[in-house]
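Working notes, structure below.
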Amino acid sequence: PQAGPVARASSRRVEIAFRLAAGLILTIALWQWAVARQEVQQLRARVAALQADSDALLVARASLQQLEAEAASAARQANVLGAADLLTFALTGQDAAPGARARAYVSQSQGLVFAATGLPAVPAGRTYQLWLIVNAKPVNAGLFRPDADGHVHTVLPTPAVDGTPAVVAVTLEPEGGLPQPSGAMYLAGAVLAR
């Protein structure tokens, strides 16, 4: 007769212990979930910060590369303009571009600086080609495209020539250029007196 109440009390204690244990396990699990969730949020924030730093680094690296390229171009230009063998050419617009004007600075030892204004836009599939006229023969000196306002400023290597250039000219040629001029002449000019 007493086994029933004792068994019930013991069963009740076991049930309470199980409930307490389940509550404790649930509390621990919820606490671990909250901690893990907070860690995930912190990691996401850290990843976002690292991504922002990485993006900023990429932008800075691109800016640095652009500045290095500009500095190298400026140094090449200074070498050309300071060369002992420098020749200066004043180019005027021809029938295809009467408002165009340009200067070419040519050094056999250092390179060539070319600056122009007033050039018409380049049609698709075409490019401007610069020529040095040496002993009445054109020599390809490079290709270029002006900006939207018709301006160009470029530094190019001087092609190997047998003699001193007497004239510098610009024609409009197919994309990629040609070994000899075929298109309309846009600019031409002779060497200025030293």
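Note that the sequence shown covers residues 260 to 453 in my numbering.
Think of the CB as a built atom: it goes at the ideal place given N, C-alpha and C, for glycine as much as any other residue.
Just so it is clear, the structure is predicted and the values come from calculations on it, not from any experiment.
By a C-beta neighbour count over all protein chains shown, 10 Å radius and 16 as the cutoff for buried, is Gly352 buried or exposed? The residue is buried, with at least 16 neighbouring Cβ atoms inside 10 Å.
Taking DSSP as the reference, what is the three-state secondary structure of Asn399? For Asn399, the three-state secondary structure derived from DSSP is strand.
Closest by CA to Thr413, which one among Thr430, Leu389, Val299? That would be Leu389, whose Cα lies nearest to the Cα of Thr413.
Closest by CA to Pro416, which one among Gly422, Gly401, Pro424, Asp408? Closest by alpha carbon: Gly401.
Through-space distance from Val318 to Gln310, alpha-carbon basis: Roughly 12 Å separates the two Cα atoms.
Among the residues of its own chain, which have a CB less than 7 Å from the CB of Arg335, if the five just before and after it don't count? Excluding sequence positions up to five before and after Arg335, its CB lies within less than 7 Å of the CB of Gly370, Val414, all in the same chain and listed in chain order.
Which residue wins for smallest C-alpha separation from Ala362, given the options Ala356, Ala355, Leu350? The residue you asked about is not Ala; residue 362 is Arg in the sequence shown. A check of alpha carbon separations from Arg362 across Ala356, Ala355, Leu350 identifies Leu350 as the nearest.
CA nearest to the CA of Pro424, picked from Pro440, Gly436, Leu451: Check the Cα spacing between Pro424 and each of Pro440, Gly436, Leu451: the tightest is with Leu451.
Does DSSP put Ser441 in a helix, a strand or coil? Three-state DSSP puts Ser441 in coil, outside helix and strand.
Separation of Pro382 from Gly448, as counted between CA atoms: If you take the alpha carbons of Gly448 and Pro382, they lie about 24 Å apart.
Does the beta-carbon distance from Val339 to Leu391 come in below 7 Å? Not a contact, by the Cβ cut-off of 7 Å.
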